[in-house]
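Protein chains in written order, with my numbering: chain X, 1 to 255; chain S, 1001 to 1417.
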Amino acid sequence: MGYHSVIYEGTWQSFLTAIFEIYERKLDQVTICTKERFQPGVFGDQLVIHADEQKAKRVWMGLKSKLSKEGLNKIFACYLSELDGIENILLAYIRLVFSNDQSIEQAYGDAAVLRVSQVNRIVHREKHRMEAFIRFKLTQDDIFYAAIEPDFNVIPLILGHFKRRYADQKWIIYDLKRKYGIYYDLQKVEEITFAFTPDANICDTNTIYFKEDEALYQALWKDYFKHVNIVSRKNTKLHLQYVPKRYWKYLVEKY
Amino acid sequence: MSDRVREKLQILADAAKYDVSCSSSGSNRKNHNKGLGDTGSGICHTFTEDGRCVSLLKILFTNVCIYDCAYCVTRKSNDIQRAAFTVQEVVDLTMNFYRRNYIEGLFLSSGIFKNADYTMERLVQVAKKLRTEHKFNGYIHLKSIPGASDELMHEAGLYADRLSINIEMPTENGLKLLAPDKNRKDMIQPMNYIKNEIILHKEEKKIFKKTPIFTPAGQSTQMIIGATKETDKDIMYTASSLYKGFNLKRVYYSGYVPISNDTRLPGLGTAVPMVRENRLYQTDWLMRFYGFNIQELLNDANPHLDLDIDPKLSWALRNLNQFPIDINKADLQLILRVPGIGLKSAQKIVGARKFQQLNWEHLKKIGVAINRAKYFISCNSRQHERRDLTEMKIKQFILAGSGSKYLKNNPQQLVLF
Ligand code: SF4
């Protein structure tokens, strides 16, 4: 059987549909990628995938019957990494899952299993960083607003945490890179996109947008940060390891 | 809120920063009342320039104090600016910081004004107000005032996630020397009370579902290291007996930061013993998570930890007769004792070897520090280290191969094995 390029729409459902088709058509030698990443001129047949809810669901249910909850989450987290070629690693992993009777989740001797575990770890590190480094600012409409530009598409992973924690305040978390966000209106969380490009200058304390108090609390937080430091213990290397420079733009205390 | 509050925050954050505990984990208070916050994630929201985790708003209620402990900036005889918050100010700061995702909660401690109960009462009021009026479910750690009454300790336990009393000095003699106003008994007694209350509440909870939660994250304490002459053995034996005697969740070791010219203490300009502090934490971990008995790590023959190398390696070198162990066969307990293998790697090894015999390449991928581990293990491979190396030789090889990481003047806090 020949070589196939499977081109999917860049959504989770369409990715699972792609897996379904690969099994359905018994394709052996394949690479999966998005339209954007597809390089024309690659030899072999092309197969264009359109998301199909039923097919996606069957793959997911199949995985669910073979994997622990943690294992399922790992697959989803890897998918969200958007790393070049991650789809093929996931395909190899999924093939391994379906072709073994016992659980392969801990078979770290296998390259795909190890890679999935590593990517899962870096995606979760980004998730944790976002949970830590997001700084809300209170807008004039009483919404706590935060803009982010995470390395990976982690909004689906952080949603639950913020919903549980900030249940009594309205908030928006907006991914400037991927141009979408989530909005909690005290009842439910919804996906939103802004019709305009939000001001990238997220350190704004302008009172047209933000409450009077906002500037004061930012100042208090900066004061606090400055005064908990113990100069005689300074360790810049360690500091940068924990708070890499690319995150500073979010951090009220660092700008 | 105004400039006055800013000034107070500066003074009272400054005064609180020497308390090292900043843990916000161990509790899992749910956001059950559609209020604000939950606990259990233990997030570090930022890190200070010295690389310490900032998780809580850590402040003193006041830095007015009637005592004169030599090692403390807040001591009565120290000529500094004094300030005191009101209960409402602390509540507002906590709520507003929390809502902006700056913090996991509040760590409130205080100098002693008037007397122990008067001070403790104010700390309890803050916690009570946050929980009842503001439906705050974030983390609250109160530092109990030595000598506070059982009634106040009880109330504190109902609202706080964690209570702590700092034991301050590793030995009673050290305490007598530097904090003549204080005595061990005033510290031990509330600790004991809290321990018993926690047990009681747990028992009641089994019978009555509605029993209120009581300090779900338990209690912790802190010792100052290097202010007096105690050995590492003294320190860790005290820690071990505190873990056992009072079911403590954590003991913190805080390298003394010189703050005065008092001749009883290391002078200004003396380096903070950061490597030593790190070694003590490592020892603490070995004791709590790696199944080591404290007597194995520190004893009369070895009263001090080796500063050049971590305590696990140090132990392994003294006990070469117990090695090498076979990675593909040995119990988890033994694998945990191998230098260069951490908790996670050990678990991964035990998981992965069910599928195939592991070799050096596998171990490397799993995350084992081969350059250290190789002297102590064998695996599915023909090459292994020659076994006739002496303790000194191995130590030299490891030190030479590990770059600057183990040199005394380049401490990596919190890097464990
Ligand atoms: S009682 Fe506490 S605050 Fe007062 S001097 Fe002693 S250690 Fe410092």
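Glycine included, C-beta positions come from ideal geometry on N, C-alpha and C.
- Contact of Thr-1048 of chain S with chain X is assigned, a C-beta pair being separated by under 9 Å.
- If you check the C-beta of Glu-1168 of chain S against the ligand SF4, you find a heavy atom less than 8 Å away.
- Nearest to Gln-54 of chain X by C-alpha distance, out of X:Phe-15, X:Ala-111, X:Cys-78, is X:Phe-15.
- Separation of the CB atoms of Lys-1058 of chain S and Asp-1068 of chain S is rounded to 23 Å, and the pair is thereby denied contact status at 8 Å.
- Listed along the chain, the chain X residues whose CB falls inside 8 Å of the CB of Ser-1041 of chain S are Glu-131, His-161.
- The beta carbons of Thr-1062 of chain S and Phe-1097 of chain S sit about 19 Å from each other, so the pair does not count as a contact at 8 Å.
- Neighbours of Leu-1332 of chain S in chain X, taken as residues at a C-beta separation under 9 Å, are lacking, since the least C-beta distance is about 14 Å.
- With fewer than 16 other Cβ atoms from the protein chains shown falling within 10 Å of its own Cβ, Val-48 of chain X counts as exposed.
- Identification of chain S residues near Gly-71 of chain X by a Cβ-Cβ cut-off of 9 Å yields none; the smallest Cβ-Cβ distance measures about 13 Å.
- For Ile-1294 of chain S, the enclosing alpha helix (DSSP H) starts and ends at 1294-1297.
- Inclusion of Glu-87 of chain X and Tyr-8 of chain X in the CB contact set at 9 Å is warranted, their separation being smaller than that value.
- Proximity of Lys-1348 of chain S to chain X, defined by a Cβ-Cβ separation below 9 Å, is satisfied.
- Non-local beta-carbon contacts of Gln-13 of chain X in its own chain, meaning distances under 7 Å to residues more than five positions away in sequence, involve Ala-51, Glu-53, Ala-56 in chain order.
- Chain order gives no chain X residues near Lys-1329 of chain S, where near means a beta carbon separation below 9 Å; the closest approach is about 16 Å.
- At a C-beta separation below 8 Å, His-1045 of chain S has these neighbours in chain X: Ala-132, Phe-133.
- Taking the beta carbon of Phe-1355 of chain S as reference, the chain X residues within 7 Å of it are Ala-107, Gly-109, listed in sequence order.
- When only Cα atoms are considered, Leu-1012 of chain S and Ala-1083 of chain S end up about 7 Å apart.
- For Lys-1185 of chain S, there are no neighbours in chain X by C-beta distance under 9 Å, as the nearest C-beta there is about 31 Å away.
- Secondary structure within the stretch 1053-1113 of chain S: the beta strand (DSSP E) runs of 3 or more consecutive residues, fully enclosed, are 1056-1060, 1105-1109 (chain order).
- Taking 9 Å as the cut-off, the Cβ atoms of Tyr-183 of chain X and Lys-163 of chain X do not count as close.
- Per DSSP, reduced to three states, the secondary structure at Ile-148 of chain X is strand.
- Contacts with chain S at 9 Å (Cβ-Cβ) include Tyr-217 of chain X.
- DSSP places Thr-1283 of chain S in the uninterrupted alpha helix (DSSP H) bounded by 1274-1289.
- Residue pairing of Glu-1007 of chain S in beta bridges, as defined by DSSP: absent, with no partner found.
- Within the chosen limit of 8 Å, the ligand SF4 does not reach the beta carbon of Asn-1115 of chain S with any heavy atom.
- Pairing Glu-212 of chain X with Phe-152 of chain X gives a Cβ-Cβ distance that is not under 9 Å.
- Around the beta carbon of Met-61 of chain X, fewer than 16 other beta carbons lie within 10 angstroms, which makes this residue exposed.
- A contact is defined here as three or more CB-CB pairs under 8 Å, and the stretch 1167-1174 of chain S meets this definition with respect to the stretch 1226-1239 of chain S.
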